[in-house]
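A.B. asks:
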Amino acid sequence: MIGILSRGILEIPHLEALLGEPVAATSTWRNPAAIRAVAGWGLKPTSARARRYALRHGLPYLALEDGFLRSVGLGNQDPPLSIVADHLGTYYDATQPSRLEHLISRPLTERERTRAEALRAAWRAARVSKYNHLPEKRDPLPESSILVVDQTLGDPAIGYGLASTACFEQMLRAALHENPESTVLVKIHPDVFAGRKKSHFDPRQLERLERVEVLAENVHPVSLLEQARKVYVVTSQLGFEALIWGKPVRTFGMPFYAGWGLTRDELPAPSRRGTASLAQLVHASLIDYPRYRDPETGEHCDVERVLAWLGLQRHMRERFGGPIRVLGFSPWKRKLAHRFMQGSELHFGERVMHSQAMHSNETVAVWGSTKTPPGVQALRLEDGFLRSVGLGADLVEPLSWVIDGRGLYYDARHPSDLEILLQNHEFPTSLLQRARRLRERIVATGLTKYNVGTTPWRRPECAARVILVTGQVETDASILCGAPAIRRNIELLRAAREENPDAYLIYKPHPDVLAGLRAKGDDETCAQEWCDEVVINVPMGPLLDAVDEVQVLTSLAGFEALLRGKAVVCHGIPFYAGWGLTAERAPIERRSRRLTLDMLVAGSLILYPTYISRTTQRFTTPERALDELLAWRKTERVPPWWHRLLLRPVLGWLADRRDARIG
Numbered sequence: 007m008i009g010i011l012s013r014g015i016l017e018i019p020h021l022e023a024l025l026g027e028p029v030a031a032t033s034t035w036r037n038p039a040a041i042r043a044v045a046g047w048g049l050k051p052t053s054a055r056a057r058r059y060a061l062r063h064g065l066p067y068l069a070l071e072d073g074f075l076r077s078v079g080l081g082n083q084d085p086p087l088s089i090v091a092d093h094l095g096t097y098y099d100a101t102q103p104s105r106l107e108h109l110i111s112r113p114l115t116e117r118e119r120t121r122a123e124a125l126r127a128a129w130r131a132a133r134v135s136k137y138n139h140l141p142e143k144r145d146p147l148p149e150s151s152i153l154v155v156d157q158t159l160g161d162p163a164i165g166y167g168l169a170s171t172a173c174f175e176q177m178l179r180a181a182l183h184e185n186p187e188s189t190v191l192v193k194i195h196p197d198v199f200a201g202r203k204k205s206h207f208d209p210r211q212l213e214r215l216e217r218v219e220v221l222a223e224n225v226h227p228v229s230l231l232e233q234a235r236k237v238y239v240v241t242s243q244l245g246f247e248a249l250i251w252g253k254p255v256r257t258f259g260m261p262f263y264a265g266w267g268l269t270r271d272e273l274p275a276p277s278r279r280g281t282a283s284l285a286q287l288v289h290a291s292l293i294d295y296p297r298y299r300d301p302e303t304g305e306h307c308d309v310e311r312v313l314a315w316l317g318l319q320r321h322m323r324e325r326f327g328g329p330i331r332v333l334g335f336s337p338w339k340r341k342l343a344h345r346f347m348q349g350s351e352l353h354f355g356e357r358v359m360h361s362q363a364m365h366s367n368e369t370v371a372v373w374g375s376t377k378t379p380p381g382v383q384a385l386r387l388e389d390g391f392l393r394s395v396g397l398g399a400d401l402v403e404p405l406s407w408v409i410d411g412r413g414l415y416y417d418a419r420h421p422s423d424l425e426i427l428l429q430n431h432e433f434p435t436s437l438l439q440r441a442r443r444l445r446e447r448i449v450a451t452g453l454t455k456y457n458v459g460t461t462p463w464r465r466p467e468c469a470a471r472v473i474l475v476t477g478q479v480e481t482d483a484s485i486l487c488g489a490p491a492i493r494r495n496i497e498l499l500r501a502a503r504e505e506n507p508d509a510y511l512i513y514k515p516h517p518d519v520l521a522g523l524r525a526k527g528d529d530e531t532c533a534q535e536w537c538d539e540v541v542i543n544v545p546m547g548p549l550l551d552a553v554d555e556v557q558v559l560t561s562l563a564g565f566e567a568l569l570r571g572k573a574v575v576c577h578g579i580p581f582y583a584g585w586g587l588t589a590e591r592a593p594i595e596r597r598s599r600r601l602t603l604d605m606l607v608a609g610s611l612i613l614y615p616t617y618i619s620r621t622t623q624r625f626t627t628p629e630r631a632l633d634e635l636l637a638w639r640k641t642e643r644v645p646p647w648w649h650r651l652l653l654r655p656v657l658g659w660l661a662d663r664r665d666a667r668i669g
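Per our numbering: the sequence shown = residues 7 to 669.
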């Protein structure tokens, strides 16, 4: 057991998973009988109490620090995903040995070397850094640039790294002298621009120097490291990351990665450091030395899991360039927009603007089929296909949205990002295998879009062929934009009956209609005249399992039926029609490709939607969204009576007004 005297350390989420053993709050007067070591935060003055306690009781002191692959946000925004614990010293203190030094000097097996090289390649592919919240620099750097990295004034890693403030001026002079034909870019620390810390450089003086440019933007460092010809540092971790990117690194202090023959060092290396390969440095620094926790489960995990998760965050945060003006969103939906479009600069407006009022680099984001100014790049947002446990009209927060830059999946009048993807994407075998596993799990667990309903349904023994007809909200945009002929539920029922006079027809009204959130369709009360049974509170998953065929206008139930291997007849043009998987009563000629079911699943459930974890409020995968939906379903709560009586009519009225504007 590890004793902790610091309340701040004890508040780190999943601390025991990060340290690999139990922890206990300890005070200076408590008997340390069950404690094998005491931990504090590095060599900070605040850790002095823990070090004195360890010395007094003859216990090892563990110096804790953030790992080199830490989080999305800064320390005051996000808890760490990795921690190092060092019983010899700490990695940035070159005045004494550290556990990291011992690990770097250790020879690697062939398997370890292969893993380190794969990790280095994955690091570059994921474009990660220690922190991962800032946008990439989109403008290219001057050709053959030299990157000089500043640190904040008073950073303890400078002194412990055998350097001083004078080393920064020396570093800049060397960069200019050694690269007489190159532009020298000075990267000021983000905390300096935020006004929290001071720099070793005066930006005004730097601007007077020839061939020197100050990187005044607060940007993700990866694009800088990728484009720079050389990197100059004192003790910054960016020197280590530059080595991962294969860049020559010049050091003016003695950071943990210097003195091994991998960098050109201004200072002599401590005698205890020798020669090491880059694979040894990477394996020790990213695999052996830190411990990691899974960002979503909190359990202990390996570096590859954290790297993949942070890589997903980086990829999703970089999807949209420039600011986005989000128009017509309620306060509730604005909160969701921040979540699903995190990483983007959002500006909210009450209504759609004229194109003349827009900046040239701005993108507009609107909900659904809301009209936008002509000539303006628009993003259209809608709920995804694995949404929630509960109805969106009940203001149940979604796990998935789709964000489409061409149209929307339900608007068959124009191609959407999903349609283009399904028509043209080359689906690798690994993705199709992933889609198959996802599909099989959805079916096995009975999950659907909303996951509502509790009443079991039994197929009549006398019914030779059972057909499910699904109702929709008749004013819904998916019908207005995707049903060119039949647009009423009663007409759909009548057509299904005329085509199948001897079948057992079941009609299932839309859950928003059943909940009183949306109005019934024209003559929908007469549904019983055209079907054998109307089902009310039956969950969609088990119902689909029990029928032979599903007939829809544009309902997502048709897609959910395809997942379960059912025959589907489409009287409208939903996104899953026209690919050779359904029977169509309204064909669409531009969808000419024949898809397998797993191609459709890969495009519709893996590549197209954006998923947000309820646990982390960060981007996640459909597989993790499925896990969270299953856990959510176990704890589903029925809306209180006052919600059903008072709020639902208001929400329904607002939804009808929105549909009226679209129509």
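Don't be surprised by glycine CBs; every beta carbon is placed ideally from N, CA and C.
Judging by CA-CA distance, which residue of Tyr456, Gly252 and Asp161 is the nearest neighbour of Glu403?
C.D. replies: Translated into positions along the sequence shown, residue 403 becomes position 397. Measuring from the Cα of Glu403, the nearest candidate turns out to be Tyr456.
A.B. asks: Assess, as a yes-or-no matter, whether the region 164-176 is touched by the region 125-143 under the definition of 3 or more beta carbon pairs within less than 8 Å.
C.D. replies: Too few Cβ pairs lie closer than 8 Å, so no.
A.B. asks: In chain order, what residues of the same chain have a beta carbon less than 6 Å from the beta carbon of Trp407, not counting five sequence neighbours either side?
C.D. replies: In the sequence shown, residue 407 corresponds to position 401, counting from 1. The answer, listed in chain order, is Phe346, Leu387, Gly390 and Thr616.
A.B. asks: Pick from Ala521, Lys514 and Ile448: whose alpha carbon is nearest that of Leu549?
C.D. replies: The residue labelled residue 549 in the question sits at position 543 within the sequence shown. Nearest of Ala521, Lys514 and Ile448 to Leu549, Cα basis: Lys514.
A.B. asks: Glu629 and Leu444 look like a contact to me (Cβ under 8 Å); what is the Cβ gap, rounded to whole Å?
C.D. replies: Here residue 629 is taken as the residue at index 623 of the sequence shown, counted from 1. Here residue 444 is taken as the residue at index 438 of the sequence shown, counted from 1. Indeed, because the Cβ distance is near 6 Å, the residues count as touching under 8 Å.
A.B. asks: With Ser111 and Ala282 assumed to form a contact (beta carbons below 8 Å), what rounded beta-carbon distance in angstroms separates them?
C.D. replies: Along the sequence shown, read from residue 1 onward, the residue named residue 111 stands at position 105. Along the sequence shown, read from residue 1 onward, the residue named residue 282 stands at position 276. Sure, about 6 Å apart at Cβ, within 8 Å.
A.B. asks: Measuring alpha carbon to alpha carbon, tell me which residue in Arg570, Thr588 and Val218 is nearest Ser151.
C.D. replies: In the sequence shown, the residue the question calls residue 151 occupies position 145. Out of Arg570, Thr588 and Val218, Val218 has the C-alpha closest to the C-alpha of Ser151.
A.B. asks: So within the region 464-503, which uninterrupted beta strand (DSSP E) runs reach at least 3 residues, ignoring any that extend past its ends?
C.D. replies: Listed in chain order, the complete beta strand (DSSP E) runs (minimum 3 residues) inside the region 464-503 are 472-476.
A.B. asks: If Phe326 and Phe354 are in contact, beta carbons under 8 Å, what's the gap, nearest whole angstrom?
C.D. replies: The count along the sequence shown starts at 1 and reaches residue 326 at position 320. The count along the sequence shown starts at 1 and reaches residue 354 at position 348. Not confirmed; about 15 Å, so no contact.
A.B. asks: Identify whether Gly9 lies in helix, strand or coil by the three-state DSSP scheme.
C.D. replies: In the sequence shown, residue 9 corresponds to position 3, counting from 1. Three-state result, Gly9: strand.
A.B. asks: Among the candidates Ile293, Val540, Phe199 and Arg297, whose CA atom is the shortest distance from the CA of His516?
C.D. replies: Along the sequence shown, one-based indexing puts residue 516 at 510. Of the listed residues, the one whose Cα sits closest to His516 is Val540.
A.B. asks: Looking at Pro462: is its Cβ nearer than 9 Å to the Cβ of Val544?
C.D. replies: Position 456 of the sequence shown holds residue 462. Position 538 of the sequence shown holds residue 544. Yes, Cβ-Cβ distance for Pro462 and Val544 is below 9 Å.
A.B. asks: Return the residue from the list His195, Glu213 and Ser598 that minimises the CA-CA distance to His206.
C.D. replies: Stepping through the sequence shown from its first residue, residue 206 is reached at position 200. Comparing Cα positions, the closest option is His195.
A.B. asks: Considering only their Cβ atoms, is the gap separating Ile293 from Trp129 smaller than 9 Å?
C.D. replies: By one-based count along the sequence shown, residue 129 stands at place 123. By one-based count along the sequence shown, residue 293 stands at place 287. In this structure, Ile293 does not lie closer than 9 Å to Trp129 by Cβ.
A.B. asks: How many Å lie between Leu94 and Thr120 at the Cα?
C.D. replies: Taking the first residue of the sequence shown as 1, we reach residue 94 at position 88. Taking the first residue of the sequence shown as 1, we reach residue 120 at position 114. For Leu94 and Thr120, the distance between alpha carbons rounds to 28 Å.
A.B. asks: What are the boundary residues of the alpha helix (DSSP H) that includes Trp3?
C.D. replies: This structure cannot speak to residue 3, because the chain is shown only from 7 to 669.
A.B. asks: Does the Cβ of Gly9 have 16 or more other Cβ atoms within 10 Å, making it buried, or fewer, making it exposed?
C.D. replies: Taking the first residue of the sequence shown as 1, we reach residue 9 at position 3. Burial call: buried.
A.B. asks: Kindly list the residues whose CB is nearer than 8 Å to the CB of Phe199, restricted to its own chain and excluding five residues on each side of it in sequence; keep chain order.
C.D. replies: Residue numbering aside, residue 199 sits at position 193 when the sequence shown is read from its first letter. Taken in chain order, the residues that qualify are Ala222 and Asn224.
A.B. asks: Let me know the beta strand (DSSP E) ranges lying completely inside the region 309-351, each 3 residues or longer, listed in chain order.
C.D. replies: Whole beta strand (DSSP E) segments, 3+ residues: 330-333.
A.B. asks: Going by Cα to Cα distance, which pick from Gln233, Val190, Ala91 and Phe581 is closest to Tyr415?
C.D. replies: Walking along the sequence shown from the start, residue 415 turns up at place 409. Among Gln233, Val190, Ala91 and Phe581, the Cα nearest to that of Tyr415 belongs to Phe581.
A.B. asks: Quick one: what's got a C-beta closer than 7 Å to Arg144's C-beta in the same chain, skipping five residues either side?
C.D. replies: On the sequence shown, position 138 is the one that residue 144 refers to. Same-chain partners within the cutoff: Gly327.
A.B. asks: First and last residue of the alpha helix (DSSP H) that includes Pro196?
C.D. replies: Your numbering for residue 196 matches position 190 in the sequence shown. Residues Pro196 to Phe199.
A.B. asks: From what residue to what residue does the alpha helix (DSSP H) around Arg202 run?
C.D. replies: Locating residue 202 in the sequence shown gives position 196, counting from the first residue. Arg202 -> no alpha helix (DSSP H), and no H or E assigned at all.
A.B. asks: When you compare the CB positions of Arg55 and Tyr67, do they come within less than 9 Å of one another, or not?
C.D. replies: Along the sequence shown, one-based indexing puts residue 55 at 49. Along the sequence shown, one-based indexing puts residue 67 at 61. For Arg55 and Tyr67, no; Cβs fall outside 9 Å.
A.B. asks: Going by other Cβ atoms of all chains shown within 10 Å of its Cβ, with 16 needed for buried, is Cys537 buried or exposed?
C.D. replies: Translated into positions along the sequence shown, residue 537 becomes position 531. By the 10 Å Cβ count, Cys537 comes out buried.
A.B. asks: Just to confirm, is the Cβ distance from Gly578 to Gly488 under 9 Å?
C.D. replies: On the sequence shown, residue 578 is found 572 positions in, with the first residue counted as 1. On the sequence shown, residue 488 is found 482 positions in, with the first residue counted as 1. Cβ atoms of Gly578 and Gly488: closer than 9 Å.
A.B. asks: What residues are listed by DSSP as bridge partners for Pro296?
C.D. replies: On the sequence shown, residue 296 is found 290 positions in, with the first residue counted as 1. Paired residue(s): Val90.
A.B. asks: Between which two residues does the beta strand (DSSP E) holding Cys576 run?
C.D. replies: The residue you call residue 576 lines up with position 570 of the sequence shown. Note, Cys576: beta strand (DSSP E), Ala573 to Cys576.
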